[in-house]
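Reading through the structure tokens given below for one structure.
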Amino acid sequence: AALITNMWTKWTVLAIPGSLALWFAFLPVYAVVAPKFRTSTEYQGIVVHVYANARFWLTVVLLAVLCMVRDYGYKFLKRMYFTKPYHIVQEIQKFNIPDYRPRMERFKKAVHKARLLQRLRRTRGYAFSQTEGGQEKVIRAYDTTMQKPSGY
């Protein structure tokens with residue numbers, strides 16, 4: 045899950061590494077409490093032997109690395125040998141590679157225009173709001189008592 049996470053928030057930190065830390069904290073508590081209730085008696089005294097054993101910690105690290113080698117290998121093969129168009133766009137954005145082709149300029153202008161329109165929409169009031177200062181001038185510029193000319 046951590047390989048496909050785009051943004052690390054406090055919840056992803058709690059969920060991914062926090063779950064591992066919770067397991068390491070839960071095992072000693074369970075190994076002490078469970079044998080007292082006559083369940084899981086095989087856990088009695090195991091914490092001293094497991095947490096003090098170097099092979100246990102080596103296995104924890106090696107197992108995590110081996111599990112991730114497969115995932116990283118798949119991602120590597122997918123990006124290097126079976127490249128999709130969005131991979132190329134991601135690398136262009138990551139390395140900030142300038143693209144001076146004319147279509148890129150038109151795209152940038154279109155994006156700029158769309159952003160300006162969005163900003164303009166955000167700064168406008170309601171349709172009949174008189175609080176903007178300037179809209180009432182436009183409304184009062186037209187004489188609504190005059191008859192409309194024919195032909196329109």
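Those letters in the sequence shown? Residues 45 to 196, per this note's numbering, in order. We put the beta carbon where it would ideally sit given N, CA and C, even for glycine.
- Membership of S63 in the alpha helix (DSSP H) is indicated by the continuous run 54 to 80.
- Per the coordinates, the alpha-carbon of L58 lies some 12 Å from the alpha-carbon of A46.
- Out of L64, Y87, R82, S63, the CA that lies nearest to the CA of Y74 is found in Y87.
- The residues L47, in chain order, have a CB closer than 8 Å to that of K119 in the same chain once the five nearest residues on each side in sequence are set aside.
- When rounded, the separation of the alpha-carbon atoms in K80 and V105 is 31 Å.
- Distance from the CA of A78 to the CA of T103, rounded to the nearest whole angstrom, comes to 25 Å.
- When DSSP states are grouped into helix, strand and coil, M148 belongs to the helix group.
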